[in-house]
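2 protein chains.
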Amino acid sequence: MAPRGETKERILAKALESFSTVGYDGTSLDDLAESLGIRKQTILYHFVSKRGLLNAVLDESVKILTESLEEVLASNDPHRDRIEDLVRSVFRVALEQPLLLGLLREVSRPGSPAAPRLKNQMGPLMERAISWMEGEMEAGRMRKTDAQLVLLSAYSTVVGLATEIEILRTAGVERVLRPSAQRRQELLHFLRTSLTPAG
Amino acid sequence: MAPRGETKERILAKALESFSTVGYDGTSLDDLAESLGIRKQTILYHFVSKRGLLNAVLDESVKILTESLEEVLASNDPHRDRIEDLVRSVFRVALEQPLLLGLLREVSRPGSPAAPRLKNQMGPLMERAISWMEGEMEAGRMRKTDAQLVLLSAYSTVVGLATEIEILRTAGVERVLRPSAQRRQELLHFLRTSLTPAG
DNA sequence: CTATTTTTCTACCATTTGGTAAGTCTTGGT
DNA sequence: ACCAAGACTTACCAAATGGTAGAAAAATAG
Chain A
640 MAPRGETKER
650 ILAKALESFS
660 TVGYDGTSLD
670 DLAESLGIRK
680 QTILYHFVSK
690 RGLLNAVLDE
700 SVKILTESLE
710 EVLASNDPHR
720 DRIEDLVRSV
730 FRVALEQPLL
740 LGLLREVSRP
750 GSPAAPRLKN
760 QMGPLMERAI
770 SWMEGEMEAG
780 RMRKTDAQLV
790 LLSAYSTVVG
800 LATEIEILRT
810 AGVERVLRPS
820 AQRRQELLHF
830 LRTSLTPAG
Chain B
640 MAPRGETKER
650 ILAKALESFS
660 TVGYDGTSLD
670 DLAESLGIRK
680 QTILYHFVSK
690 RGLLNAVLDE
700 SVKILTESLE
710 EVLASNDPHR
720 DRIEDLVRSV
730 FRVALEQPLL
740 LGLLREVSRP
750 GSPAAPRLKN
760 QMGPLMERAI
770 SWMEGEMEAG
780 RMRKTDAQLV
790 LLSAYSTVVG
800 LATEIEILRT
810 AGVERVLRPS
820 AQRRQELLHF
830 LRTSLTPAG
């Protein structure tokens, strides 16, 4: 047999790819298995059901994302630009693992079966982010605005950058996308000007 | 029989609802028909295939959205605040027809079967929006930045507001969402500060 | 009223779907 | 050598899916 859990990892990887591109309903266990050169029942053996597979993929993805952000939010160094750190961090994930954000997008759809699970897992992180922003606002280091809106906007933008790019690229403009580093710089500037307190 | 095309309209309405919430793959023609009190074959009679139905729904939605934006982009009155007009216009659509943006979100997924169609229909509109922004930048009425990014950000934010709200609401914060009017105000301010030229 | 066209329905079908049952094969422990 | 547990497979299935064929019903035109 395949040495220790290798199969499970491979299934998770392919499943992430499939879920985040063609979606949950669009993913067939048979096709998934075939693309892996195994039988469908092997998948079900490891993850019990299709839903179980989705949950497993989701848990793994959220974990990666959370760890990446937690690290930044935890630091208390007032000399570091936290917003810049956050943007950099998210961009890094988005570039290295675009599928991960694709899954997030897929799963965060109102009618998604995994929405509650995502809610439970991402909830605390979001609360922290929001309350941190509100703290900054109170302290006058950030312009008072709707923290939820800013978070939603930033989140949506990054997810959009990772997934919906294709539309804008092929539809809107034929030009090649700007290098992601420059893009990140723009987003950073965009956020900063909006969040810096007046005067 | 039902008088003139009433059935067709009803099918389109329900289909929009279903596509934009549970997605294309998640929509069953049988269920759709049952919820309308008709037989599946009636749907196929009017729209030939499931794909045909999706195309029809998409065409209708894009038309509404386009008309709403075209109107704003067309006006040349320099005394009006075009950004405000745009935001207002999109918000109005988002509030009156949230399902419409849900469909957009669903269909703009990379792997969506209707992505090319959406591309063709929305393409010109996006090009116009971008080139208008670039014109404003040239004229110094708008800070020079990445027009594509701003468009993507604004688009994603609004779509997010219309669809992904649930996650933030139930997950992030239990607080009731701020009234949409206030929300619109915030987004407006957010965009303005980012786009107003320095000094 | 009759003929024709439009609309909706009943009957059916091939395929695909997620999932169950039970087997085989491999590995590691004793 | 034997056995138990783990990993993977073959065989099978009930339900659901999108779609075809053709009849029936309703609306419309003459």
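The listed protein sequences correspond, in order, to chains A and B. Each residue of the first sequence is one higher than the one before, counting from 640 in the numbering used here. Each residue of the second sequence is one higher than the one before, counting from 640 in the numbering used here. Positions of the beta carbon are idealized from the N, C-alpha and C atoms, including for glycine. Quick caveat: nothing in here was measured; it's all calculated off a predicted structure.
Can you tell me where the alpha helix (DSSP H) with residue i in it begins and where it stops?
i	result
B/G662	From DSSP, B/G662 is part of no alpha helix (DSSP H); its letter is neither H nor E.
A/Q680	679-686
B/A754	754-777
B/T705	689-713
A/R727	721-735
A/D669	668-675
If residue i sits next to residue j, beta carbons under 8 Å apart, how far is it from one beta carbon to the other, in whole angstroms?
i	j	result
A/L800	A/I722	A/L800 to A/I722, Cβ: 17 Å. No contact.
B/V797	B/A733	6 Å
B/G662	A/R748	7 Å
B/V746	B/L668	Actually they do not touch by this definition, with Cβ atoms about 18 Å apart.
B/R782	B/P836	5 Å
B/L708	B/S728	6 Å
B/G665	A/G774	Actually they do not touch by this definition, with Cβ atoms about 40 Å apart.
B/T832	A/T832	6 Å
A/A793	A/L830	6 Å
A/L671	A/S657	6 Å
B/D724	B/V711	5 Å
B/S659	A/S795	The Cβ separation is near 17 Å, so there is no contact.
A/M772	A/A786	4 Å
At a cut of 8 Å, does the region 742-759 of chain A reach the region 685-699 of chain A through at least three beta carbon pairs? yes
Between the region 727-742 of chain B and the region 671-684 of chain B, do at least 3 Cβ pairs fall closer than 8 Å? no
Any chance the region 651-659 of chain B sits against the region 715-731 of chain B, with 3 or more Cβ pairs inside 8 Å? no
Per the contact definition of three or more C-beta pairs closer than 8 Å, is the region 822-833 of chain B in contact with the region 757-771 of chain B? no
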